[in-house]
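This report concerns only the one structure given below.
There are 4 protein chains.
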Amino acid sequence: MNTRAIRAGGCVVGGGDFVVIAGPCAVESETQIMRTAEAVALRGARILRGGAFKPRTSPYSFQGLGEEGLRLLRKAGRAFGLPVVTEVMSDTLVDIVAEYADILQIGSRSMENYVLLDAVARSGKPILMKRGMTSTVEEYAAAAQFVMEHGNRNIILCERGIRTFGTATRNTCDIVAVPLLQAMTGLPVILDPSHATGRRDLIPPLACAAAAIGADGLIVEVHPDPERALSDGEQSLTFDQFENMMAGLERYLQGQSRAPACAAVG
Amino acid sequence: MNTRAIRAGGCVVGGGDFVVIAGPCAVESETQIMRTAEAVALRGARILRGGAFKPRTSPYSFQGLGEEGLRLLRKAGRAFGLPVVTEVMSDTLVDIVAEYADILQIGSRSMENYVLLDAVARSGKPILMKRGMTSTVEEYAAAAQFVMEHGNRNIILCERGIRTFGTATRNTCDIVAVPLLQAMTGLPVILDPSHATGRRDLIPPLACAAAAIGADGLIVEVHPDPERALSDGEQSLTFDQFENMMAGLERYLQGQSRAPACAAVG
Amino acid sequence: MNTRAIRAGGCVVGGGDFVVIAGPCAVESETQIMRTAEAVALRGARILRGGAFKPRTSPYSFQGLGEEGLRLLRKAGRAFGLPVVTEVMSDTLVDIVAEYADILQIGSRSMENYVLLDAVARSGKPILMKRGMTSTVEEYAAAAQFVMEHGNRNIILCERGIRTFGTATRNTCDIVAVPLLQAMTGLPVILDPSHATGRRDLIPPLACAAAAIGADGLIVEVHPDPERALSDGEQSLTFDQFENMMAGLERYLQGQSRAPACAAVG
Amino acid sequence: MNTRAIRAGGCVVGGGDFVVIAGPCAVESETQIMRTAEAVALRGARILRGGAFKPRTSPYSFQGLGEEGLRLLRKAGRAFGLPVVTEVMSDTLVDIVAEYADILQIGSRSMENYVLLDAVARSGKPILMKRGMTSTVEEYAAAAQFVMEHGNRNIILCERGIRTFGTATRNTCDIVAVPLLQAMTGLPVILDPSHATGRRDLIPPLACAAAAIGADGLIVEVHPDPERALSDGEQSLTFDQFENMMAGLERYLQGQSRAPACAAVG
Chain A
0 MNTRAIRAGG CVVGGGDFVV IAGPCAVESE TQIMRTAEAV ALRGARILRG GAFKPRTSPY
60 SFQGLGEEGL RLLRKAGRAF GLPVVTEVMS DTLVDIVAEY ADILQIGSRS MENYVLLDAV
120 ARSGKPILMK RGMTSTVEEY AAAAQFVMEH GNRNIILCER GIRTFGTATR NTCDIVAVPL
180 LQAMTGLPVI LDPSHATGRR DLIPPLACAA AAIGADGLIV EVHPDPERAL SDGEQSLTFD
240 QFENMMAGLE RYLQGQSRAP ACAAVG
Chain B
0 MNTRAIRAGG CVVGGGDFVV IAGPCAVESE TQIMRTAEAV ALRGARILRG GAFKPRTSPY
60 SFQGLGEEGL RLLRKAGRAF GLPVVTEVMS DTLVDIVAEY ADILQIGSRS MENYVLLDAV
120 ARSGKPILMK RGMTSTVEEY AAAAQFVMEH GNRNIILCER GIRTFGTATR NTCDIVAVPL
180 LQAMTGLPVI LDPSHATGRR DLIPPLACAA AAIGADGLIV EVHPDPERAL SDGEQSLTFD
240 QFENMMAGLE RYLQGQSRAP ACAAVG
Chain C
0 MNTRAIRAGG CVVGGGDFVV IAGPCAVESE TQIMRTAEAV ALRGARILRG GAFKPRTSPY
60 SFQGLGEEGL RLLRKAGRAF GLPVVTEVMS DTLVDIVAEY ADILQIGSRS MENYVLLDAV
120 ARSGKPILMK RGMTSTVEEY AAAAQFVMEH GNRNIILCER GIRTFGTATR NTCDIVAVPL
180 LQAMTGLPVI LDPSHATGRR DLIPPLACAA AAIGADGLIV EVHPDPERAL SDGEQSLTFD
240 QFENMMAGLE RYLQGQSRAP ACAAVG
Chain D
0 MNTRAIRAGG CVVGGGDFVV IAGPCAVESE TQIMRTAEAV ALRGARILRG GAFKPRTSPY
60 SFQGLGEEGL RLLRKAGRAF GLPVVTEVMS DTLVDIVAEY ADILQIGSRS MENYVLLDAV
120 ARSGKPILMK RGMTSTVEEY AAAAQFVMEH GNRNIILCER GIRTFGTATR NTCDIVAVPL
180 LQAMTGLPVI LDPSHATGRR DLIPPLACAA AAIGADGLIV EVHPDPERAL SDGEQSLTFD
240 QFENMMAGLE RYLQGQSRAP ACAAVG
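Protein chains in written order, with numbering that gives the first Met the number 0: chain A, 0 to 265; chain B, 0 to 265; chain C, 0 to 265; chain D, 0 to 265.
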């Protein structure tokens, strides 16, 4: 599937390449994000992820570092040659986030927040738009269409698991949505094995499956010390696990002839 | 994942190999099943599938050829060196089906039919047991456990898609269930991309993903002329499409080092 | 909604009346079933329920009393003037169950077991057919249609909760299916608040809602000592709780003008 | 269940009374909202609903009247003695909406929009907070807890149907969530039969069931001419249908002894 090539900070997502986005759930400190950026860059990641605003149910739990988190994220990205992506959760925050990030992420819970979609579309920045956890592929494609009709066609889609009756994994990965959405929208579609499974041990095999089915890349959580992560530790890879995953992926990607089986979809 | 090796009619499923089971949804005529058996055998399938009893809502639609279907299925299998698998839908039919089939299939709707599970367990035949379309992996593993406690450990599991809110595909393929079930049960787990998607064009990419995630094989519907199939035509591959799928799979399987990324699950 | 009146052992379900079926999940002993039959008859139940065959995952847990359970169930029903209903789980058991029971129950897991549906249809007995836990109303109506086309129109339908992402209750009660199915099929539709909720405290309010929405009755689990029940204790009412539920229902049922709001559905 | 009494513009929701909120999906014109307000007030509604901001996928479809819609809604409410409720979709709109509305509605898609929840909590206005269409009751209670911890305890909850595999109705009404949420939170819980079913004919019977199960009220869509409504016409009642529904409800509500069966939940 020849998806649209989205340019972001010197990197290209879509158009035939397979791009790995990696980093912690949340930026926790300068040391944490610098070490992680270095580790993932060395092992083949091409974009750095990290959350700065983390509103939680309880006002007493970690809420993210806010603008300071954005500053640290960009600093780490610049230090190791990685463009950065981070979530923007409200239209009032679009300007400040756009000042630091190369790609603006729309979170799963915001997929149908039209006020936010409109503001992000008008920012002119490339967008990483996650699928709502209970959105159909048709609704997801329609939300992308909304952004395009509001003037921004630089959209990367991301399958991150849907909510079903199953409880063995955090969500159920709808992997078939990857070729379906590529065919329906022409946009690049990446996969988030961290949220799709919620379990560290299932991330590498799912990453291989994503490559085989023709995804345009991955977004994966990596942390220097997942046991002490302030959020999502159980679904974050260590640096060594990330290295093993990247090595495992290698054989599915060589020769650029990724997933020719996929060619007939649509 | 080193799953248990299940021997059936000269073929082995599990234990490290990747086995493709192929054939029509239903045995429709001698010509149809002989032609299909020849075509899939030539292209690398190792086991032949085909339904003989097809009870439907309307008593006026095609109900399968019954025992004559079993006889034709076996004849086609023997002619081209393929063991055969077919569904048994009632404990009263176990003896007759076991007379012809090398592997007894428990259909998705029968996964919790304990009377049937008991009868099939006592038959001594290897079993291909499909996941209930709304069963959790825990319930599925428990149903397999029931069969084992009734004396039969030769079980092949099969992820065939679950029911969710999605409607773009016939079911939602829970691909992560493959490594999960391998780790939980030690049994081989294959994938059914035909029922999981219900769409011919999505079968080859999903088959590649199944190989990459470490599945022990596939069961896929193939028909000489899907447009005229008496059932499931829209999810049956033509001989040419089957050939392309097998070629696409090749690169994920070479060197027997299938999905090493999967090793850490459990 | 004027549903078809189904006659069973001197009682009528459908046609405008509201009938309560009550009894234990499983017949455990003569004392248990006799005491329960007396208690529910005194408090207004019109049909007695109780399971005799209870195949479970583990062959070591309680499997039901089998034919002895059928005999005790009928004895208790006769003693207190209640027709009896019990589940039949295999076509091989239809004859023996039909010898004792006034109504044959098709369980949720068997809703699409066509071999069984055919055998039960041919028995000539009235049928209580539960909705599959993941069946759509269309599939449910089609399964009822199958039974009718195989010669038996005396069918009582039963909404018993469906499987969703929710975990606070055992299932999610799809209460709107009651008027929908009445309009689609013309058959009586009752509700099972025990399986729909899995929680004793939620049974009475849901029973009232069922009456208000125009259900033709209820099937509810009652046990002399739920804490010691061999199965489903947490969703069984005590005799006192059953009495309170029946009193609470009274006001929704008086005057036979039950749920006139429902008249317009279809 | 004795839920908290929430005061809003001279009306009380919760605390034992049953309150009907009615009005069109969207305010379309002065005539439309004035006629509707008059009609629903005469027939027993106590609060007027109506949408002013309606962002849609296509920028070419009706987007609501915006602030003019808010002005007309308030004018209609004042004319007929009804407090008004309308949705606020972004934290940037809280101030303007709070200027006109007596109750601020959080829509289903915004249930986990924490930036918005925080802004609405700080407004000091009573809140009608709808359940996310795929939120568990635990997540819903947690979102309400978030608002309370941000300083606002005047919350009305609303069950509006959840997303399941079913397609016969727009959503699946999880009616049992009503007593569950009342017991978990102590807050009033109303039901939205319009969104729960998406079908006009199913609204009256579901409204009766809501009263019987002990809900604190209803929110229902009413339009002078549903066939010509700019949105949600198929699930809007005519004035006559609304009148019939209110009459049907009467018998479930008289004597203030609403759903005593519900008392034991918790």
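We put the CB at the ideal spot given by N, CA and C, even for glycine. All values derive from a computational prediction rather than experimental measurement.
**Request:** Give a yes or no on contact between the segment 11 to 27 of chain D and the segment 218 to 230 of chain D, applying the rule of three or more CB pairs nearer than 8 Å.
**Result:** Yes, the segment 11 to 27 of chain D touches the segment 218 to 230 of chain D.
**Request:** Flag this pair as yes or no: are the beta carbons of V83(A) and A100(A) separated by less than 9 Å?
**Result:** The residue given as residue 83(A) occupies position 84 in the first sequence. The residue given as residue 100(A) occupies position 101 in the first sequence. In contact: V83(A) and A100(A) (Cβ atoms closer than 9 Å).
**CB contact below 9 Å: P23(B) versus chain A** = For the purposes of this step, residue 23(B) is taken as the residue at position 24 of the second sequence. P23(B) does not count as touching chain A.
**Item:** Any alpha helix (DSSP H) of 4 or more consecutive residues that is wholly inside the segment 63 to 113 of chain C
**Value:** Listed in chain order, they are 66 to 78, 93 to 99.
**Request:** Flag T184(B) as yes if its beta-carbon sits less than 9 Å from any beta-carbon of chain A, otherwise no.
**Result:** Numbered from its first residue, the second sequence carries residue 184(B) at position 185. Not one chain A Cβ lies under 9 Å of T184(B).
**Request:** Please find out if some non-hydrogen atom of the ligand FAD comes closer than 8 Å to the beta-carbon of R159(C).
**Result:** Because no ligand of any kind appears in the structure shown, any question about the ligand FAD cannot be addressed here.
**Message:** Please list the terminal residues of the continuous beta strand (DSSP E) segment that includes A7(D).
**Reply:** If you number the fourth sequence from 1, residue 7(D) lands on position 8. From DSSP, the beta strand (DSSP E) with A7(D) extends over 5 to 7.
**Message:** Measuring only the C-alpha atoms, how far is R34(B) from V26(B)?
**Reply:** Position 35 of the second sequence holds residue 34(B). Position 27 of the second sequence holds residue 26(B). Rounded to the nearest angstrom, the two C-alpha atoms are 11 Å apart.
**Request:** Flag A143(A) as yes if its beta-carbon sits less than 9 Å from any beta-carbon of chain B, otherwise no.
**Result:** If you number the first sequence from 1, residue 143(A) lands on position 144. Not one chain B Cβ lies under 9 Å of A143(A).
**Asked** Can you list, in chain order, the residues of its chain whose CB lies under 7 Å from that of T171(A), leaving out five sequence neighbours each side?
**Response** Stepping through the first sequence from its first residue, residue 171(A) is reached at position 172. Contacts found: G160, I161, T163, G165.
**Request:** Examine chain D for any beta-carbon lying closer than 9 Å to the beta-carbon of V221(C), and answer yes or no.
**Result:** In the third sequence, counting from the first residue as 1, residue 221(C) sits at position 222. Taking Cβ atoms only, chain D never reaches closer than 9 Å to V221(C), which makes this a no.
**Item:** Partner residues on chain A for L72(B), Cβ-Cβ distance less than 9 Å
**Value:** Start at 1 with the first residue of the second sequence, and residue 72(B) comes out as number 73. Identification of chain A residues near L72(B) by a Cβ-Cβ cut-off of 9 Å yields none; the smallest Cβ-Cβ distance measures about 28 Å.
**Prompt:** Roughly how many angstroms separate the alpha carbons of P178(A) and R42(C), rounded to a whole number?
**Reply:** The sequence position of residue 178(A) within the first sequence is 179, counting from 1. The sequence position of residue 42(C) within the third sequence is 43, counting from 1. Roughly 60 Å separates the two Cα atoms.
**Request:** Could you give the DSSP three-state label for S256(C): helix, strand or coil?
**Result:** Looking up residue 256(C) in the third sequence gives position 257. For S256(C), the predicted model reports a pLDDT of 46, less than 50, meaning its position is unreliable; a value from the coordinates is still stated below. Coil.
**Asked** Taking Cβ positions only, does P225(B) come closer than 9 Å to chain A?
**Response** Working through the second sequence from its first residue, we reach residue 225(B) at position 226. No, no contact with chain A.
**Message:** Restricting to runs no shorter than 4 residues, where is the alpha helix (DSSP H) found entirely within the segment 171 to 252 of chain A?
**Reply:** As summarised for the segment 171 to 252 of chain A, the continuous alpha helix (DSSP H) elements at least 4 residues long and confined to that stretch are 176 to 184, 192 to 196, 202 to 212, 238 to 252, given in chain order.
**Request:** With a cut-off of 8 Å on the beta carbons, I'd call G50(C) and T85(C) a contact; round off their distance for me.
**Result:** Mapped onto the third sequence, residue 50(C) falls at position 51. Mapped onto the third sequence, residue 85(C) falls at position 86. The beta carbons of G50(C) and T85(C) sit about 6 Å from each other, so the pair counts as a contact at 8 Å.
**Request:** Please work out which residues of its chain come closer than 6 Å, Cβ to Cβ, to A118(D), disregarding the five sequence neighbours upstream and downstream, and give them in chain order.
**Result:** Position 119 of the fourth sequence, counted from the start, is the residue given in the question as residue 118(D). Short of 6 Å from the beta carbon of A118(D), and not among the five residues preceding or following it, lie these beta carbons of its own chain, in chain order: D90, V93.
**Cβ distance (whole Å) where G131(A) is taken to contact T168(A) below 8 Å** = Counted from its first residue, the first sequence places residue 131(A) at position 132. Counted from its first residue, the first sequence places residue 168(A) at position 169. Not a contact, Cβ separation roughly 18 Å.
**Request:** State the beta-bridge partners of M128(C) as determined by DSSP.
**Result:** For this step, residue 128(C) is matched to residue 129 along the third sequence. Looking at the DSSP output, M128(C) sits in a beta bridge with I105(C), L156(C).
**Request:** Taking only the alpha-carbon atoms, compute the straight-line gap between K129(B) and N153(B) and give it to the nearest angstrom.
**Result:** For this step, residue 129(B) is matched to residue 130 along the second sequence. For this step, residue 153(B) is matched to residue 154 along the second sequence. So the two alpha carbons sit approximately 14 Å from each other.
**Asked** What's the gap between the Cα of A246(D) and the Cα of G80(D)?
**Response** Counting from one through the fourth sequence, the residue named residue 246(D) turns up at place 247. Counting from one through the fourth sequence, the residue named residue 80(D) turns up at place 81. Their backbone Cα atoms lie some 21 Å apart in a straight line.
**Prompt:** If you check the beta carbons only, do D200(D) and E158(D) fall under 9 Å apart?
**Reply:** Here residue 200(D) corresponds to residue number 201 of the fourth sequence, with the count starting at 1. Here residue 158(D) corresponds to residue number 159 of the fourth sequence, with the count starting at 1. No, these two residues do not count as a Cβ contact at 9 Å.
**Request:** Report yes or no: is there a C-beta of chain B within less than 9 Å of the C-beta of R169(D)?
**Result:** Taking the fourth sequence and counting its residues from 1, the one referred to as residue 169(D) is at position 170. The C-beta of R169(D) comes no closer than 9 Å to any C-beta of chain B.
**Message:** Checking 9 Å against the spacing of the C-beta atoms, do M244(D) and I202(D) come in under that value?
**Reply:** Here the question's residue 244(D) lines up with position 245 in the fourth sequence. Here the question's residue 202(D) lines up with position 203 in the fourth sequence. It is a contact, given that the beta carbons lie within the stated cut-off.
**Request:** Report the neighbours of G213(A) on chain B: residues whose CB is nearer than 7 Å to its CB, in chain order.
**Result:** Mapped onto the first sequence, residue 213(A) falls at position 214. For a Cβ distance threshold of 7 Å, residue set P204 of chain B lies close to G213(A), ordered along the chain.
**Message:** I want to verify the contact list: residues of chain D whose CB lies under 7 Å from the CB of R162(B), in sequence order.
**Reply:** As a position in the second sequence, residue 162(B) is number 163, starting the count at 1. Contact annotation for R162(B) against chain D: F164 [CB-CB distance below 7 Å, chain order].
**Asked** What are the boundary residues of the alpha helix (DSSP H) that includes R34(C)?
**Response** Along the third sequence, one-based indexing puts residue 34(C) at 35. Element bounds for R34(C): 29 to 41.
**Asked** Within the 9 Å Cβ cut-off, does G265(C) reach chain D?
**Response** To locate residue 265(C), count along the third sequence from 1; it is residue 266. Here G265(C) scores only 45 on pLDDT, less than 50, and its place in the model is too uncertain to base an answer on.
**Element boundaries [alpha helix (DSSP H), containing A141(A)]** = Here the question's residue 141(A) lines up with position 142 in the first sequence. In the DSSP assignment, A141(A) falls within the alpha helix (DSSP H) that extends over 136 to 148.
**Message:** Give me the chain C residues within the contact set of R114(B), using Cβ-Cβ distance strictly less than 7 Å, ordered along the chain.
**Reply:** Within the second sequence, numbered from 1, the residue matching residue 114(B) stands at position 115. Correcting the residue type first, residue 114(B) is Val in the shown sequence and not Arg. For V114(B), the chain C residues whose C-beta falls within less than 7 Å of its own C-beta are P54, M88, S89, listed in chain order.
**Request:** Could you tell me whether the Cβ of E242(A) comes closer than 9 Å to any Cβ of chain B?
**Result:** The residue labelled residue 242(A) in the question sits at position 243 within the first sequence. E242(A) has a beta carbon lying at 9 Å or more from every beta carbon in chain B.
**Message:** With a threshold of 7 Å on Cβ separation, who are the neighbours of G76(B) within its own chain once the five nearest residues in sequence on each side are excluded?
**Reply:** To locate residue 76(B), count along the second sequence from 1; it is residue 77. Excluding positions up to five away in sequence, the list reads A36, L47, P82, V83.
**Request:** Please list, in chain order, all residues of the same chain as H194(C) whose beta carbon is under 6 Å from its beta carbon, the five residues on each side excluded.
**Result:** Taking the first residue of the third sequence as 1, we reach residue 194(C) at position 195. Cβ contact annotation for H194(C) (same chain, cutoff 6 Å, sequence separation greater than five): R159, G160, in chain order.
**Request:** Taking only the alpha-carbon atoms, compute the straight-line gap between L186(C) and A44(C) and give it to the nearest angstrom.
**Result:** In the third sequence, counting from the first residue as 1, residue 186(C) sits at position 187. In the third sequence, counting from the first residue as 1, residue 44(C) sits at position 45. Near 21 Å, if we compare the C-alpha coordinates of A44(C) and L186(C).
**Message:** Suppose you measure from the CA of G150(B) to the CA of A120(B); what does that come to, to the nearest Å?
**Reply:** As a working note, residue 150(B) is residue 151 in the second sequence. As a working note, residue 120(B) is residue 121 in the second sequence. Taking the straight line from one Cα to the other gives about 6 Å.
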